[in-house]
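In what follows, a structure is listed as structure tokens, so that the remarks can point back to it.
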Amino acid sequence: MQPHVTQALHNWRMAWDDQQFAAQEAFTAAFPALNDSDPRCRCYGPTLRWETPGEGSGKVCLDDHGRATIEFENVSKAAVGQALEEVFGVDWFDEGDGGFAAAGPGQYSYEDESTYAEYYIDVHEGGLATVAISYVKIEDIVTILDLLEQALADQRTA
């Protein structure tokens with residue numbers, strides 16, 4: 301490979317690494333319980349994990365296309381509903397008049413054909429939910445994480 305091509309490729313790799321590091325900083329600023337984790341998840345990029353007794357556990361990762369995925373388990377359905385309603389409004393959830401926060405137990409999914417994002421939510425008995433939001437822009441995941449952190453903080457003080 302020609303030296304100027306090698307240098308250009310090196311510069312691109314360094315910028316990509318910087319972008320991934322900045323995304324991780326944004327994730328942890330929005331949701332402080334996240335910590336660096338090995339092994340990496342199926343996204344093949346940096347993975348952050350969290351576990352808080354009574355609030356759930358999960359991970360956030362980046363794929364090799366610069367998109368983010370969150371997978372949270374046993375998180376308060378009310379907190380998830382509050383965060384998603386703030387981001388998307390109550391009307392985005394077609395399964396009920398009260399939005400996701402009022403959804404009954406079951407599995408719900410939505411695929412955004414324009415962005416290829418995927419949303420899978422499993423509402424459990426007892427007010428908990430498992431949430432997987434995949435292939436979403438980093439800024440959207442940061443917004444969701446921030447709103448979820450606020451909703452969980454509200455529950456902690458209630």
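Add 300 to the 1-based position in the sequence shown for the working numbering, that's all there is to it. For every residue, glycine included, the Cβ atom is placed at its ideal position computed from N, Cα and C. Quick caveat, the model's predicted, so the values are computed rather than measured.
As assigned by DSSP and simplified to three states, the class of residue i
i, result
"F372", "strand"
"E351", "strand"
"D364", "coil"
"P332", "coil"
Cβ-based neighbour list, residue i, same chain, cut-off 6 Å, excluding 5 preceding and 5 following
i, result
"Y419", "Y410 and I433"
"T328", "L334"
"P346", "Q320, Q324 and L362"
"D422", "Q407 and T430"
"E371", "G358, K359 and A432"
"A417", "Y435 and V436"
"F331", "L445 and E449"
Other residues of its chain near residue i: CB distance less than 8 Å, five sequence neighbours each side excluded
i, result
"A383", "I444, L447, L448, Q450 and A451"
"T415", "Y435, V436 and K437"
"V387", "D440, T443, I444 and L447"
Exposed unless 16 or more other CB atoms sit within 10 angstroms - verdict on residue i
i, result
"G358", "buried"
"L309", "exposed"
"V375", "buried"
"G426", "exposed"
"G406", "exposed"
"A458", "exposed"
"V360", "buried"
"G381", "buried"
"A401", "buried"
"E385", "buried"
Same chain, Cβ closer than 7 Å to residue i, neighbours up to 5 away in sequence not counted
i, result
"E351", "S357"
"E373", "G356, S357, G358 and T430"
"L428", "N374, V375, S376 and K377"
"A379", "L448, A451, L452 and Q455"
"D336", "L348"
Query raised in the report: Taking three-plus beta-carbon pairs below 8 Å as touching, is the region 365-375 in contact with the region 435-446?
Result: Touching, yes.
**Report entry** Sequence ranges, beta strand (DSSP E) only - wholly within the region 388-437, length at least 3
**Finding:** Entirely contained in the region 388-437, the beta strand (DSSP E) runs reaching 3 residues are, in chain order, 406-411, 418-423 and 428-436.
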